[in-house]
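**Q** After the structure tokens below, expect a handful of questions from me.
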Amino acid sequence: MLELPLELECQIFELAFKPNSRNIQLKVTLCLVARRVQVWIDRIFHGLVAIRDDRGGQRFLSLIRSNSKPADFFRVVKTLSLAYSLDGGTAGNILAVCPNVQSLTCWVASSVASRKLPLLISRLPLQRLSIQVSHFSRIPATLSETWLSSLTHLDLYVDTRPPPQLSQLLTHLAHLSHICLSSAIVRAAMEYVEMVCSSRPRFQVLIVPCHATLVSWVEAILPPTAKDDDRVVVQAIPQDVREDWAYVGHSDMWSLAEASVKLRKNSVGQE
């Protein structure tokens, strides 16, 4: 019988599993093939971790403490979601063992957030970050911090007036190109929109999400600096926010906004 090289065999199983990496039945079936296949599948499966409550967070920490996985296994976590109902201490403990996270959703409530949370975030090689502005403004911004040079996509939930240090913090993010300003009260986001248009002149996309029925109204109340800017996109909030942040190769709010910006620029070029 022909034996495939291990590298090729690994690629075959990855191609079979990645498009359906949240399918538990498929995961179990593939893991039964061989021990080496289980290792490959486990790495893909744990590449995306969503913790929706503190109970789930404690289960995840129990898995880590059980030593059932190889040392440093959780370095494979690249996409991590920490939900609003998660305890701040639990969130900090999870981040401490997942040092290679590139896409982080940190919706932990400000009232329970651990003091070490901003410091842990600053050490991650982040490319995408979704977070409350109250947490974001406390993340260290010294030149040695990893996230400053890697972050490209920022989704900020704004529930207060812009903190004084926010504008300067944004200027430190050398590669930040995509920004989303979310708020339960749309008018509260307008001051942020104006600030971003002034302090980040090189951004590629700025999204202002709102309910589908409010898109035209929000477009009408945009600050003057944003109304004629093709890069500012008022976008209907997706039905499943979790699917939108969990970038797994499908269209998300960023790719949809990019398509809108491209269409506008092409339309201007044809006039």
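All the letters of the sequence shown, read from the start, carry residue numbers 432 to 702 under this note's numbering. Just so it is clear, CB atoms sit at the ideal spot from N, CA and C, and this is done for glycine as well. Given the structure is predicted, the values throughout are model-derived calculations rather than measurements.
#1: Round the Cβ separation of R631 and L601 to the nearest angstrom and send it over; I've been treating them as touching at under 8 angstroms.
#2: Straight-line CA distance for Q456 to I482?
#3: Go through its chain and collect everything with a Cβ distance to H642's Cβ below 8 angstroms, but skip five positions before and after it.
#4: Contact criterion: CB-CB distance below 8 angstroms. Does T602 meet it with respect to chain B?
#5: Within 10 angstroms of the Cβ of V464, are there 16 or more other Cβ atoms? Answer buried if so, exposed if not.
#6: Roughly how many angstroms lie between the CA atoms of I472 and P593, to the nearest whole one?
#7: Under a three-way DSSP split, which group does S565 fall into?
#8: Does the separation of the CB atoms of L555 and W578 fall below 8 angstroms?
#9: Starting from Y588, trace the beta strand (DSSP E) both ways and give me its first and last residue.
#10: With respect to the beta strand (DSSP E) encompassing V480, which residues constitute its N-terminal and C-terminal limits?
#11: Which of the three DSSP states is assigned to L555 in this structure?
#12: Can you list, in chain order, the residues of its chain whose CB lies under 6 angstroms from that of L614, leaving out five sequence neighbours each side?
#13: Just curious, the beta strand (DSSP E) that A667 is in, first and last residue?
#14: Short of 7 angstroms in beta carbon distance, which residues of its chain neighbour A572, apart from the five on each side in sequence? Order them along the chain.
**A** Taking the definition as stated:
#1: The Cβ separation is near 6 angstroms, so the contact holds.
#2: 20 angstroms
#3: Taken in chain order, the residues that qualify are A667, I668.
#4: The structure shown has no chain B; it contains just one protein chain.
#5: exposed
#6: 43 angstroms
#7: In the structure shown, S565 falls within a helical segment according to DSSP collapsed to helix, strand and coil.
#8: yes
#9: 584-588
#10: 479-482
#11: coil
#12: Going by the sequence as given, residue 614 is Ser instead of Leu. Once the five neighbours on either side are set aside, the close Cβ partners of S614 are V589, A620.
#13: 663-667
#14: L579, L600, H603
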